[in-house]
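First up is the structure itself, then whatever we jot down about it.
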Amino acid sequence: MALEIERKFLIVGTDWRSQVCRSQVMRQGYLADTGGRASIRVRVDGSAAQLNIKAAVIGCQRAEYEYEIPIDEAEQILADLCVGQIEKTRHYILQGDLTWEIDEFQGNNEGLIVAEIELLHSQQKFAKPPWLGAEVTQEQRYYNHALAIKPYRSWDHAS
88 MALEIERKFL
98 IVGTDWRSQV
108 CRSQVMRQGY
118 LADTGGRASI
128 RVRVDGSAAQ
138 LNIKAAVIGC
148 QRAEYEYEIP
158 IDEAEQILAD
168 LCVGQIEKTR
178 HYILQGDLTW
188 EIDEFQGNNE
198 GLIVAEIELL
208 HSQQKFAKPP
218 WLGAEVTQEQ
228 RYYNHALAIK
238 PYRSWDHAS
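Add 87 to a position in the sequence shown, counting from 1, and you land on the number used in this note's numbering.
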């Protein structure tokens, strides 16, 4: 079984921007609403496309499977089959042997920026850069699937 071990954090300030080594615009859509046993998404990033299946569990560790698919098929799936979509720019920051992925959302999720780091095991130690804010790994609303269904702009930001 393929296993993703990932932690999510909010971002504080803009100092992270000076450390970005590359960026990629992404569009992704989900083929089913939240609440099932898995999230199934299609993603287009540049000239590549993937179909991804992840266990629909909250936390830093979950099963994940990803497959390359033809970009024209991905575009058709996005146009015709998705129940929710997100647009974002993913920025990459190298830190030692690890890579931070900073997702800066657009569209209905504009204003939200989330940092993710993939780890080799759930107890792995890593340096926390000064721009790292609160951890949101355990908060479902920050997962991309949830953002596609209930976008950041629709949240009650007073709470």
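Note that CB positions come from ideal geometry on N, CA and C, so glycine has one too.
Remember, it's a predicted structure, so these values are computed and weren't measured experimentally.
Nonlocal neighbours in the same chain, by C-beta distance under 7 Å from residue i, ignoring five residues either side
| i | result |
| --- | --- |
| Ser134 | Ile158 |
| Leu168 | Leu118 |
Contact set for residue i: own chain, Cβ-Cβ below 8 Å, skip 5 residues either direction
| i | result |
| --- | --- |
| Arg94 | Cys147, Glu203, Ile204, Leu206, Glu222 and Thr224 |
| Ile92 | Cys147, Gln148, Glu205, Leu206, Leu207, His208, Ser209 and Gln211 |
Counted within 10 angstroms of its Cβ, other Cβ atoms place residue i as buried (16 or more) or exposed
| i | result |
| --- | --- |
| His208 | exposed |
| Ile145 | exposed |
| Val201 | buried |
| Ser241 | exposed |
| Asp102 | exposed |
Cutoff 6 Å; reference residue i; Cβ partners in own chain excluding five residues on either side
| i | result |
| --- | --- |
| Glu174 | Arg114, Gln193 and Gly194 |
Segment limits, alpha helix (DSSP H) that includes residue i
| i | result |
| --- | --- |
| His56 | The question about residue 56 has no answer, for the chain in this structure spans 88 to 246. |
| Glu162 | Ile158 to Asp167 |
Residue range of the beta strand (DSSP E) that includes residue i
| i | result |
| --- | --- |
| Ile92 | Leu90 to Ile98 |
| Ser126 | Ala125 to Asp132 |
| Arg109 | Arg109 to Tyr117 |
| Gln172 | Gly171 to Gln182 |
Rounded distance between the beta-carbons of residue j and residue i, thought under 8 Å
| i | j | result |
| --- | --- | --- |
| Leu97 | Gly220 | 4 Å |
| Ala136 | Ala142 | With 8 Å as the limit, Ala136 and Ala142 do not qualify as a contact, their Cβ atoms being about 22 Å apart. |
Contact with chain D by residue i, beta-carbon distance below 8 Å
| i | result |
| --- | --- |
| Ile180 | The chain inventory of the structure shown lacks chain D, comprising one protein chain alone. |
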